[in-house]
Amino acid sequence: MKLFSFFLIFLSALFSFSCSQKADNRPNIILIMADDLGYGDISCFGSDYINTPVLDKMAAEGIKFTDYHSNGAVCTPTRAALITGNYQQRAGLEGVIYAALDKRMFGISDSIKTLPEYLREAGYSTGAFGKWHLGYKPEYNPTKHGFDEFYGYVSGNVDYISHRDGIGLFDWWHNTDTCYEKGYVTDLITNHAIEFMEENKDKPFFIYLPHEAPHYPYQLRSDKADRLPGMKFPAQGSRPDKKQAYKEMVEIMDENIGRVMQKLKELKLDENTFVLFCSDNGATNKGSNGNLNGFKGSLWEGGHRVPAIAWYPEKIKAGTKTNSTILSMDILPTFRSVAGIFQKGDFDGKDFSKVMFLQSEMDERPVFWRYRNQWAVRKGEWKYLKIKGKEYLFNLKDDIEEQQNLMEVEPSKVNELKNFLKEWESEMGKYKMKTE
Ligand SMILES: [Ca+2]
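According to the working numbering, the sequence shown is numbered sequentially starting from 1298.
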């Protein structure tokens, strides 16, 4: 009997050892998101003006998404979709949360389970370093929504040097406390992400690294702060050469992403870490959306088709490319699957891990955008768009520039897409929009 008990104890020890081994082998996940970076703003997406050797190398060693879209055409909605795995409308965050004091009441609701909450529950250490923009109040803080640690700012943009927000208030935090530290935002958030990697190198971690670059104010490392207490300041910064600053800001971000990649190597985590890079909406006129029509804020392709790259040498075939249509809301189900969370989840977003790891394509599905009296529906190569009361139908496969309106030519396609939109609107009508 004694021998039998001993055997059982041995078996259970062996089992828990193999489980913990398995748990430890789950990949680290790093999500790096640029702010307002356009489809034509990095060299591997066609820029001949901005040099991004680190991102180019990631793409050469990983997979490039040609048809990746932010859920929103501006910051907050994309972040809401990303963190919830659903259309941002379900969180009521269809528009931007502004810095003005009478607009600060909105934010991410407690009742929604977030991406870091899923990953933390599965044993991941979770850290957010950079821009939050999902609410100012303490209850909206990243540490109240699944992140073990947060360094950064909660508004839409801060002075890169003085860390003051759009109305001049100090906006730099360590968790829920204000934090005074010197440094250029792009460098600082990378420093904190790297510290987090070092501290958590022996267990799986999830790092969310939402950069400020290349969002305004257009400032470089050696610039003086523009936003100081009691002073009026230009929101976009005082430099006259904003386009040049924009270019250098993207290049500084690229250099800092290189520091993260280098640290992965040093810590011998490069084999077992999955890195996804993307942008949160299209570029303004300071940047480039390649040959796409429109800018940030619009539902023309330039407002939401943005660069994305995934890197995971162990599982992603080097130098691959996908034309699957993927949105920010697809990241949550995908990361759950990468982290080995197999409980069924009910999300608007869909797992795209097979696109990356097995070179398969996503099943065709209708996807939707809505922002400030603009509507867009995509299914396959077709896009229905309604802007300022005018309707358009485009075949993006032949006409990515959105120049040939096929409304009159393909009425049945128009009807199909409008019916999808009607259904979606009726579903989203259940939710109260809190912003703008
Ligand atoms: Ca943005």
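Ideal Cβ positions, reconstructed from N, Cα and C, are used throughout, including at glycine.
Item                                                                                                                 : Value
Secondary structure of E1545, DSSP reduced to three states                                                           : helix
According to DSSP, residues forming a beta bridge with E1446                                                         : G1424
Heavy atom of ligand 1 within 7 angstroms of D1333 beta-carbon                                                       : yes
Nearest to G1463 (by Cα), restricted to the options P1439, T1423, A1425 and V1393                                    : V1393
Reduced DSSP secondary structure (H/G/I, E/B, other) of N1670                                                        : coil
For Y1505, the first and last residue of its enclosing beta strand (DSSP E)                                          : F1502 to P1507
Range covered by the alpha helix (DSSP H) that runs through A1356                                                    : P1350 to E1358
Closer than 7 angstroms: C1575 CB and nearest ligand 1 heavy atom                                                    : no
For I1684, the first and last residue of its enclosing beta strand (DSSP E)                                          : W1679 to I1684
Limits of the alpha helix (DSSP H) - the one that A1490 falls within                                                 : V1482 to E1496
Contact set for M1730: own chain, Cβ-Cβ below 6 angstroms, skip 5 residues either direction                          : G1389 and E1391
V1603 in three-state terms, based on DSSP                                                                            : coil
Neighbour-count burial assignment, A1357, 16 or more Cβ in a 10 Å radius                                             : exposed
Among S1621, N1383 and L1589, nearest to D1696 - alpha-carbon criterion                                              : L1589
Local conformation of D1474 per DSSP, three classes                                                                  : strand
CA-to-CA distance, G1591 to W1597, given in whole angstroms                                                          : 5 angstroms
Segment contact flag, the stretch 1322 to 1337 with the stretch 1566 to 1580, C-beta cutoff 8 angstroms, min 3 pairs : yes
The stretch 1330 to 1341 in contact with the stretch 1508 to 1515 per 3-pair CB rule at 8 angstroms                  : yes
Distance, Q1640 Cα to R1602 Cα                                                                                       : 31 angstroms
Cβ shell of L1693 (< 6 angstroms), same chain only, five flanking positions each side left out                       : E1678 and K1680
Sequence-distant residues of its chain with Cβ nearer than 7 angstroms to Y1728 (five each side left out)            : Q1386, R1387 and G1389
Element boundaries [alpha helix (DSSP H), containing C1372]                                                          : C1372 to T1381
Three or more C-beta pairs below 8 angstroms linking the stretch 1358 to 1375 and the stretch 1619 to 1629           : yes
Option in G1646, L1412 and K1614 with minimal Cα separation from S1657                                               : K1614
Proximity of F1644 and K1676 at Cβ, strictly below 8 angstroms                                                       : no
Residue range of the unbroken alpha helix (DSSP H) whose run includes Y1415                                          : L1412 to E1418
Beta-ladder partner(s) of A1331, from DSSP                                                                           : S1576
One or two residues paired with T1619 in a DSSP bridge                                                               : F1362
Which listed residue (A1636, L1466, K1685 and E1548) has its alpha carbon closest to that of P1350                   : E1548
Any non-hydrogen atom of ligand 1 within 7 angstroms of V1451 CB                                                     : no
Cβ-Cβ separation, F1665 to K1612 (assumed contact under 8 angstroms), whole Å                                        : Actually they are not in contact, since the Cβ atoms of K1612 and F1665 sit about 30 angstroms apart, beyond 8 angstroms.
Beta-ladder partner(s) of K1676, from DSSP                                                                           : W1679
Helix, strand or coil at F1632 according to DSSP, with G and I counted as helix                                      : helix
Cβ distance (whole Å) where I1405 is taken to contact H1442 below 8 angstroms                                        : 6 angstroms
CB contact flag (Y1450, K1428, <8 angstroms)                                                                         : yes
Which of helix, strand or coil DSSP assigns to E1688                                                                 : strand
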